[in-house]
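*Asks:* Chains as they are written, first to last, in the numbering used here: chain Z, 13 to 140; chain B, 13 to 140; chain D, 13 to 140; chain F, 13 to 140.
Beta carbons: idealized from backbone N, C-alpha and C, even for Gly.
Predicted model, so just to flag it, every value in this text is computed and none were measured.
Structure below; questions to follow.
Protein chains: 4
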Amino acid sequence: MEDGLLKKLDAMVREKGYPNRSEAIRDLVRKTIVDDEWTDASGEIIGVLVIVFDHHSRELSSRLLKKEHHWVGGILSTLHIHLDHDNCLEVKVIRGKAGEVRDFADEMISMKGIKYGTLVRATAGVAL
Amino acid sequence: MEDGLLKKLDAMVREKGYPNRSEAIRDLVRKTIVDDEWTDASGEIIGVLVIVFDHHSRELSSRLLKKEHHWVGGILSTLHIHLDHDNCLEVKVIRGKAGEVRDFADEMISMKGIKYGTLVRATAGVAL
Amino acid sequence: MEDGLLKKLDAMVREKGYPNRSEAIRDLVRKTIVDDEWTDASGEIIGVLVIVFDHHSRELSSRLLKKEHHWVGGILSTLHIHLDHDNCLEVKVIRGKAGEVRDFADEMISMKGIKYGTLVRATAGVAL
Amino acid sequence: MEDGLLKKLDAMVREKGYPNRSEAIRDLVRKTIVDDEWTDASGEIIGVLVIVFDHHSRELSSRLLKKEHHWVGGILSTLHIHLDHDNCLEVKVIRGKAGEVRDFADEMISMKGIKYGTLVRATAGVAL
């Protein structure tokens, strides 16, 4: 590996607290594998959808449920946390084809009333 | 301990798979401590509320949220699982005074649309 | 219904906050259905296992994982909450045959290091 | 807004399924606010840490617990899902100062045995 790159790698090892270079490199390779799983729209992946919304918005709650209803097999579990009197955070673990999970997440995040939403690429871990 | 009682204890040890009598007795004592925490209506406890409902019932979802809203500090976390196209299971971990948690659970369980509900006595574990 | 029983029913309606007698009776019938699901050891049920333990006990954590490993298909989701510096609460939603879920729960609860454990009878809701 | 930018905005509205431009713009602004909360290392934020690991690795489980122990106040809840016989997915909702949450996540993700880990920027929603 060329010197400049090596320095950046070592900086990353230090900053993130990896025990050594190998562990850091292994992590980079794994991230690439997960990214590839997501690139193939028909690949089986695990997505984690994080949304923040005001739970006073009643209509939103109904609309969320309605959309989720079509995903009964895919949403493994939802964790719901009341952040304060107004705001809720929901984390949904979703299993499915990359393309479908992405579409579903886009639909959810773009809904009126959702303050913040993001889809995290995770993996079923089989290929790692 | 008298003979009849000892036999019952040994049967319990065998049936539940305790490693020995002491562990089984320790468990019985701990259950009594938790029961006592719940008997004192102003004692701080942890309750786990389990409810099953049909998630097509939109109004129910709004009414649940409305009731929970007043418990923002008490509901530590909710786990939501879609059981099938119709049925949802929710597990709510609640921290608060025994009397208030019991009243809240009664209110939730008695709501129209809730198919099944039960409040589990748990504990913050401090006294065990 | 005889007078004495009716009075008790009305007391229950008041105490638990049911909107009317029918809703209270419906709940009692549903509880019986769920109990029946659990009586049949080969019936498909949902169980919610609640355990409290001290998370300093390292060996316990390994032993829990080992036991859960054989239940990979059955444990739908676990919710873990750190109650304080020592105590953790875990809620496990389990799907399976009543007899097997009961055995699994007994095994978990009787383990050394578990301070408190209880298995809650829930249901997949299909028959309600 | 200049024409080229407007076209890109409209493409985003179509692709993500936003009802209109305003909703899409509102989302972009909110993302910036959340990013700002995270830029200020002492700002109070919500982070969602997603990790995938092989749960046969016993030592890992102990090491995870040890690290989490110091974060008792910050980890609001953990959702644990057994993906298959080997792989587990854990989602941890963490509240704290941006810098501290980032350091904690880096420590967790860089641990030997963690196959995949990523920290999601979320928010307590107050400023949105």
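Answer with yes or no whether the minimum CB distance from B:N99 to chain D is below 7 Å.
*Replies:* B:N99 counts as touching chain D.
*Asks:* Among F:Y30, F:E49, F:L21, whose alpha-carbon lies nearest the alpha-carbon of F:A139?
*Replies:* Closest option to F:A139, Cα to Cα, is F:E49.
*Asks:* Taking Cβ positions only, does B:R114 come closer than 7 Å to chain D?
*Replies:* Chain D, which has no Cβ nearer than 7 Å to the Cβ of B:R114, makes this no.
*Asks:* Please compile the residues from chain F whose C-beta is within a distance smaller than 7 Å of the C-beta of D:I87.
*Replies:* H94, listed in chain order.
*Asks:* Less than 8 Å between C-beta atoms, sequence neighbours within five positions excluded: which residues of the same chain meet that for D:D22?
*Replies:* Cβ within range, chain order: R33.
*Asks:* Going along the chain, which residues of the region 26-50 of chain D sit with their C-beta nearer than 8 Å to a C-beta in chain B?
*Replies:* Answer set for the region 26-50 of chain D: E27, K28, G29, Y30, P31, E35, A36, D39, R42, K43, V46.
*Asks:* Between B:V60, B:H92, B:D118, which has its C-alpha nearest Z:E102's C-alpha?
*Replies:* When only C-alpha atoms are compared, the closest one is B:H92.
*Asks:* Does any residue of chain B bring its CB to less than 7 Å from the CB of Z:H82?
*Replies:* Not closer than 7 Å to any Cβ of chain B, the Cβ of Z:H82 fails to qualify, so no.
*Asks:* Should F:K135 and F:V46 be called a contact, given that it needs their Cβ atoms to be closer than 7 Å?
*Replies:* Sequence inspection shows Thr at residue 135 of chain F; the Lys mentioned does not correspond to that position. Going by C-beta atoms, F:T135 is nearer than 7 Å to F:V46.
*Asks:* Alpha carbon to alpha carbon, what distance is there between F:D118 and Z:I57?
*Replies:* The alpha-carbon atoms of Z:I57 and F:D118 are separated by roughly 23 Å.
*Asks:* Using beta carbons (cut-off 7 Å, strictly below), is D:S122 in contact with chain B?
*Replies:* So yes, D:S122 belongs to the interface.
*Asks:* Name the DSSP bridge partner or partners of F:H92?
*Replies:* Answer is D:T90, F:E102, bridged to F:H92.
*Asks:* According to DSSP, is F:E56 part of a helix, a strand, or is it coil?
*Replies:* Here F:E56 sits in strand by DSSP.
*Asks:* Identify whether Z:T135 lies in helix, strand or coil by the three-state DSSP scheme.
*Replies:* It is coil, neither helix nor strand.
*Asks:* Quick one: which chain D residues come within Cβ less than 7 Å of B:D118?
*Replies:* In chain order: K28, G29.
*Asks:* Name, going along the chain, the residues of the region 52-72 of chain D whose beta-carbon falls closer than 7 Å to a beta-carbon of chain B.
*Replies:* Listed by position, the residues of the region 52-72 of chain D near chain B (Cβ gap below 7 Å) are I58, V60, V62, V64.
*Asks:* Can you name the residues that DSSP bridges to B:Y128?
*Replies:* Bridge partners of B:Y128: B:V64.
*Asks:* Between the C-alpha atoms of D:T44 and D:T51, what's the straight-line distance to the nearest angstrom?
*Replies:* Approximately 10 Å, taken between the alpha carbons.
*Asks:* Between Z:L17 and chain B, is any beta-carbon pair separated by less than 7 Å?
*Replies:* No, Z:L17 does not count as interfacial toward chain B.
*Asks:* Could you tell me whether any Cβ in chain Z is nearer than 7 Å to the Cβ of F:A23?
*Replies:* With 7 Å as the cut-off, F:A23 does not count as an interface residue toward chain Z.
*Asks:* Could you name the residues of chain F that D:L77 contacts, counting a contact when the two beta carbons are closer than 9 Å?
*Replies:* What D:L77 touches in chain F: H67, H68, R70, S73, C100.
*Asks:* How long is the line joining the alpha carbons of D:S74 and Z:H97, rounded to whole angstroms?
*Replies:* Rounded to whole angstroms, D:S74 to Z:H97 spans 38 Å at the Cα level.
*Asks:* In terms of alpha-carbon separation, which member of D:L95, D:K20, D:K78 lies closest to F:H81?
*Replies:* With distances taken between Cα atoms, F:H81 lies closest to D:L95.
*Asks:* Could you check the C-alpha separation between F:K127 and F:H67 for me, to the nearest Å?
*Replies:* Roughly 11 Å separates the two Cα atoms.
*Asks:* Contact defined as beta carbons within less than 8 Å: I believe Z:K124 pairs with Z:L61. What is the distance between those atoms, to the nearest angstrom?
*Replies:* So it is not a contact: roughly 17 Å between Cβ atoms.
*Asks:* Name, in chain order, the residues that DSSP records as bridge partners for B:K109.
*Replies:* Answer is B:E56, bridged to B:K109.
*Asks:* Do you know how far the Cα of B:E71 is from the Cα of Z:I63?
*Replies:* Straight-line Cα distance between these residues: approximately 22 Å.
*Asks:* Could you tell me the distance, in whole angstroms, from the CA atom of D:F116 to the CA atom of Z:G86?
*Replies:* Distance between the alpha carbons of D:F116 and Z:G86: 26 Å.
*Asks:* Residues of chain B with a CB under 7 Å from the CB of Z:L91: which are they?
*Replies:* Ordered by position in chain B, the residues that pass the 7 Å Cβ test against Z:L91 are S89, L91.
*Asks:* Which residue's Cα is closest to the Cα of B:K78: Z:S69, Z:K78, Z:E14?
*Replies:* Comparing Cα positions, the closest option is Z:S69.
*Asks:* Tell me the DSSP secondary structure of D:E14 in three-state form.
*Replies:* The answer is coil: DSSP assigns D:E14 none of H, G, I, E or B.
*Asks:* Could you say which of D:D15, D:E27, D:E14 lies nearest to B:M120 if we only look at CA atoms?
*Replies:* For the residues D:D15, D:E27, D:E14, the minimum Cα distance to B:M120 belongs to D:E27.
*Asks:* Between which residues of its own chain and B:G59 is the CB-CB distance below 6 Å, once the five residues before and five after are set aside?
*Replies:* Same-chain partners within the cutoff: I106, V113, L131.
*Asks:* Can you tell me the Cα-Cα spacing of Z:E35 and F:S122, whole angstroms?
*Replies:* So the two alpha carbons sit approximately 7 Å from each other.
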